[in-house]
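Worksheet: the structure to be examined is printed underneath.
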Amino acid sequence: MRYSPKVKPLQQDEAWVMFPILRQLIKRQISRIYVFLAVLTFCVTTLTHLLATQATLPPTAQPSISPQTLVQQGKTHYDAGQYTDAINLLQQAADAFQSQGDRLRQAMTLTNLALAYQQLGQWQDAQDTITTSLQLLDNAQTPDTWTLQGAAFNVQGQLYLAQGNLEAALDSFTTAVNSYTQTEDEVGLLHSQINQAQALQLAGMYRRALDSLQQIEPRLQQQPDSALKAIGLRRLGNVLRLVGTMDDAKKRLTQSLQVAQVIQSPEQISAAFLGLGNTARSQGQIEAALNYYQQAADPVSGDSSTRIQAQLNQLSLIVATPSLSADPAFIQSLQNQISQLPASRTAIEARINLAGSLMTLQSQDYAKTSDIAQSLAVAVEQAKQLEDNRSQSLALGQLGAIYEQTQQWKEAQALTEQALVIAQSINAPDIAYNWQWQLGRLLKAQGKRDGAIAAYNAAVNSLESLRRDLVSINSQVQFSFRDRVEPIYRELVRLLLSSPTDNPDQNDLAQARDVIESLQQAELVNFFREDCLNANRIVIDEVDQNAAVIYPIVLGDRLDVVVSLPDAPLRHFGTRLQGKDSNLFSQLRTAISPLSVEPNRGQLITIPESLQNIFRAQIVLMGGNPRATSEEYLPLAQQLYDWLIRPIESDLAASGTKTLVFVLDSPLLNLPMAVLHDGNQFLIEKYAIAYTPGLQLLDPKPLTRGDISAFTGGLSESRQGLPALPFVEAELQQIKAQVSGQLLLNQDFTTTAIEQAIDSVPFPVVHLATHGQFSSKLEDTFILTWDNRLNINQLNTLLQTRAGGDRQPIELLVLSACQTATGDKRAALGLAGVAVRAGARSTLATLWFVNDAATADLMIRFYQELTDKTLTKSEALRRVQVSLLKEKKYQNPVYWAPFVLVGNWL
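Residue numbers for the sequence shown follow my numbering, beginning at 32 and rising by one.
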């Protein structure tokens, strides 16, 4: 399968702070000042000193129409969209001020004139004009001059943004901030800081943009309702969305909408609806997103840019939703609107965006391929005229994608290579990786395997360089990681494992293994929305001579497995998945896990008798034995064993392997390997089993043996709407009887008490018997305390509060009442996230809710085994699981299989 790159929907729902520049001038009791304020409110100024001085100047000869009147007329024409007329009037006013020797009013008028030039796309005139304005304001020494200088630098920054010169824009906004800092103009300072954050956002530096906006939010909230306040709140909401904090994003965007409605600003109302639409889309709320987009595109809005962006996002969402169909008339209208936009980065991105959607539709009913290519060719020429290298690269690369779609390989390759050269010349790995990926596909299609591998490797390396802020790849990455990032790794692995001889050499196998681990790390970075991983290469032989590491990876219609055994070459084997085979993983998970449970470690909702025969394997009765037989799950467990273990059975036996360490691919994440069956016994009866997101994330030190101490805590009573866990108290009391340490139960199990306990004594083991959930969404992964619901970041902070640098990390974190989120096929990613982020070398948890009594029984036995200093943690868990499955009341996998050890197994 080929993956055609989608160009990101336009996300800067900011109609940049243009004209008027949202500034109320300070009024004074002087009539001439009032007149001046009336005509120049569209420039950000605080001219108290300037105006007081002008009030005492001797009278000068006045023209028939004063320059102040010309400026007022220019503003009227500007507001009406009559930019040519506005330019003529403002130029006359600037000339008049110049003849009067009024440098400050001349500079102010030129600043506004630059805005009018920008609206017509007359970039050189705009730049020349703003440069002249700044020259007039050079060597600012008074608050008025600093204020005008700040306003001029803001406009210059907006010009740079519109042309795609993000670095220069950021410099201009930073200078504007410095200028306003010299004044008491709080609104002007806020305006500049908001623009500064916008430049950071557009450059992909979302964390820095978020920090900047969060710092100014308290001051912004204190401002009266105004367009500036609406814009600032909206931009904060947009950045919060980009880093994955959806609830906070929606809150700020809703506040922005409310402010916009109070001040009755159609432009700001439209922009707020666009932000809300993007947020709803990122949450998978398709109907709500479409509704927001339609409101953002309301023709009443005076901003054509926002309207077009909303319609483009609406179209891209329709295209991405199989149940929806696009309206040809809507597309034709959108094409006409885009064609009328003056040359600018916004116009270029609109053409690229539309081309991406039309390519996905792949129907001549919407647009001919030649017409799409022609539109992109126009975008390329516009980017050249603007000297916008970034946009030129995007347009060329998308044009190459069209030729790829029509299988014109050589033409596609030439265009892609041009796009890549430009992206690399401006040091833009966030777009270079896409063209390296595209080049790899093109070379593969032409049978050039070595070149394709080199291109894919380059793409992976570019992604690795972006890992510190993986969301910066594009503004949609939080809900398109599966489409835009993951396929690159998988396609490279498939190339490496598909050698011409069907027998990849050791170099290819080693590289494939490393790429699989890199994919695991990329998934965690995307999950956390930041790079919090410290990867170090680990050689399994140096960690455990009795462990084998198994890397299963699903590659489309194949399940490939790479195996690393101590003191042995890497092994590789694979299975072609036929039709229903691809559903086996979810079928097995369904067969061995409860059908429907209350969040009470196994207390179940009553299942209608009519369904019990169908779902016998999944039903666990209240306090009794499951009525399931092995008929439902054993054939599935045996099939998966044949795929993953059977080909290396003899190798495992010959090597003396005692522990199997799985680096599981996402389709297998929620599935306990312990349940695999060879026809005679479960895999857990033969080997200890552990899981890791990758050996590179492993802390290989074994558990320090001796007298083990543990901090134990949990909830047996109902909290926050979650039911009681009656067996928790007995579980914790019996563990405390075996292991020294501190116990906090129920109302004592507060966030503060946990922090104090962990900080006071360096417990090697932390055991939390409380409700929790693992999810593929960061915000839905939590651990419950008496007074709080802790997310991963909060849990990490809590567990790493130990004062001083000589404290040892937590050896083992036990979460004995958690589960993976129902219906979330990638929920175990949250478990891996907890294991990595909590700072514990090992984490023991469950994949689903387990009967409360069974959990307490297993945990008590686990600590009994752990006191044997000759056993590894994984072997201790194995013995307990085997002891449970030998008992009649716990023999069903629903009781013993979900317990998994993640991280260090020693």
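Note that CB positions come from ideal geometry on N, CA and C, so glycine has one too.
Problem set entry | Contact with chain B by GLN316, beta-carbon distance below 8 Å | The structure shown has no chain B; it contains just one protein chain.
Exercise. Exposed or buried, LYS919, counting other C-beta atoms within 10 Å across all chains shown (16 or more means buried)?
Worked result: So LYS919 counts as exposed.
Problem set entry | Alpha carbon of SER529 to alpha carbon of PRO535, nearest angstrom | About 7 Å.
Exercise. To which residues does DSSP link PHE758 through a beta bridge?
Worked result: Paired residues: none, contrary to the question.
Problem set entry | Backbone CA spacing between ASP402 and ALA445 [nearest angstrom] | The alpha-carbon atoms of ASP402 and ALA445 are separated by roughly 20 Å.
Exercise. Which residues share a DSSP beta bridge with GLY605?
Worked result: Residue pairing by DSSP places GLY605 opposite ASP591 in a beta bridge.
Exercise. THR874 by DSSP, collapsed to three states: which one?
Worked result: Three-state result, THR874: strand.
Problem set entry | Length-filtered (4 minimum) alpha helix (DSSP H) runs lying within the segment 123-183 | With a minimum length of 4 residues, the unbroken runs of alpha helix (DSSP H) contained wholly in the segment 123-183 fall at 134-150 and 154-167.
For this session: With a 10 Å radius around its C-beta and 16 neighbouring C-beta atoms as the bar for buried, classify ILE636 as buried or exposed.
Result: For ILE636, the predicted structure reports a pLDDT of 33, less than 50, and the residue's modelled location is therefore unreliable. A value from the coordinates is still provided. Counting Cβ neighbours within 10 Å, ILE636 comes out exposed, since fewer than 16 surround it.
Exercise. What does a CB cutoff of less than 7 Å around LEU815 pick up in its chain, not counting 5 residues either side in sequence?
Worked result: In chain order, LEU746, ARG750, GLN751, LEU753, THR801, HIS802 and GLY803 place their CB closer than 7 Å to the CB of LEU815, counting only its own chain and leaving out the 5 sequence neighbours on each side.
For this session: Check ILE453 in the structure and name its three-state DSSP category.
Result: In the structure shown, ILE453 falls within a helical segment according to DSSP collapsed to helix, strand and coil.
Problem set entry | For PRO703 and PRO929, believed in contact at Cβ under 8 Å, the rounded distance | The C-beta distance from PRO929 to PRO703 rounds to 6 Å, short enough to fall under 8 Å.
For this session: Write down every uninterrupted run of the alpha helix (DSSP H) in the segment 416-491 whose length is 4 residues or greater and which is fully enclosed by it, in chain order.
Result: List check, alpha helix (DSSP H) in window: 420-436, 440-456 and 460-476.
Exercise. Do ILE262 and ILE300 come within 8 Å of each other at the CB atom, strictly closer than that value?
Worked result: Contact: no.
Problem set entry | Other residues of its chain near LEU30: CB distance less than 7 Å, five sequence neighbours each side excluded | Summary: the structure shown does not reach residue 30, with the chain confined to residues 32 through 937, and so no result is reported for it.
Problem set entry | Continuous alpha helix (DSSP H) stretch holding ILE720: start and end | The continuous stretches of alpha helix (DSSP H) do not include ILE720, which lies in the beta strand (DSSP E) extending over residues 719-722.
For this session: Can you grab the Cα-Cα spacing for the pair LEU932 / GLN289, in whole Å?
Result: Going from the Cα of LEU932 to the Cα of GLN289 covers about 49 Å.
Exercise. Which value, in whole angstroms, describes the spacing of the CA atoms of ASN196 and LEU425?
Worked result: CA-to-CA, the gap between ASN196 and LEU425 works out to about 15 Å.
Exercise. Does the count of Cβ pairs from the segment 187-195 and the segment 413-425 closer than 8 Å reach three?
Worked result: Segments in contact, yes.
Exercise. Do three or more CB pairs link the segment 685-698 to the segment 889-900 at distances below 8 Å?
Worked result: In short, these stretches do not touch, since the Cβ pair count stays below three.
Problem set entry | Member of SER354, ASP334, LEU284 and PRO359 whose CA lies at the smallest distance from the CA of TYR323 | When only C-alpha atoms are compared, the closest one is LEU284.
Problem set entry | Outcome for ARG607 when other beta-carbon atoms lying within 10 angstroms are tallied against a minimum of 16 | It is exposed - the Cβ of ARG607 has fewer than 16 other Cβ atoms within 10 Å.
Exercise. Tell me which same chain residues have a C-beta within less than 6 Å of the C-beta of ILE362, skipping the five on either side of it?
Worked result: Close CB contacts of ILE362 within its chain, under the 6 Å cut and outside five residues either way in sequence, are with TYR397 (chain order).
For this session: Tell me where the alpha helix (DSSP H) around VAL102 begins and ends.
Result: Counting along the chain, the alpha helix (DSSP H) containing VAL102 begins and ends at 98-110.
For this session: Have a look at GLN769, GLN778 and GLN764 and flag the residue whose alpha-carbon is nearest the alpha-carbon of GLU748.
Result: GLN778 is the residue among GLN769, GLN778 and GLN764 whose C-alpha sits nearest the C-alpha of GLU748.
Exercise. Alpha carbon to alpha carbon, what distance is there between ALA408 and LEU427?
Worked result: Cα to Cα, the separation comes out at about 8 Å.
Exercise. How should ALA360 be labelled, buried or exposed, when 16 other C-beta atoms within 10 angstroms of its C-beta is the threshold for buried?
Worked result: Classification of ALA360: exposed, given that the 10 Å Cβ count is below 16.
Problem set entry | Spatial neighbours of GLN342 in its chain, beta-carbon cut-off 6 Å, leaving aside the 5 residues before and after | ALA328 and LEU365.
Exercise. Between the C-alpha atoms of GLN429 and VAL491, what's the straight-line distance to the nearest angstrom?
Worked result: Rounded to the nearest angstrom, the two C-alpha atoms are 20 Å apart.
Problem set entry | Residue range of the unbroken alpha helix (DSSP H) whose run includes PRO359 | It spans 359-370 - the alpha helix (DSSP H) in which PRO359 sits, taken as one unbroken run.
For this session: In angstroms with no decimal places, state the Cα-to-Cα distance between SER771 and VAL594.
Result: Cα-Cα distance, rounded: 40 Å.
For this session: Take ALA489 as the anchor and find which of ALA463, GLY478 and LYS475 has the nearest alpha-carbon.
Result: With distances taken between Cα atoms, ALA489 lies closest to ALA463.
Exercise. Whose C-beta lies closer than 6 Å to the C-beta of ALA234 among residues of the same chain, with five residues either side of it excluded?
Worked result: Counting only residues of its own chain and dropping the five nearest sequence neighbours on each side, ALA234 has a CB closer than 6 Å to the CB of LEU197.
Exercise. In or out: ASP110 buried (at least 16 other Cβ within 10 Å) or exposed?
Worked result: Exposed.
For this session: Assign SER624 to buried or exposed, taking buried as 16 or more other Cβ atoms, counted over all protein chains shown, within 10 Å of its Cβ.
Result: So SER624 ends up on the buried side.
Exercise. For ARG239, which residues of its own chain have a beta-carbon under 6 Å away from its beta-carbon, when the five flanking residues on both sides are left out?
Worked result: Counting only residues of its own chain and dropping the five nearest sequence neighbours on each side, ARG239 has a CB closer than 6 Å to the CB of LEU231.
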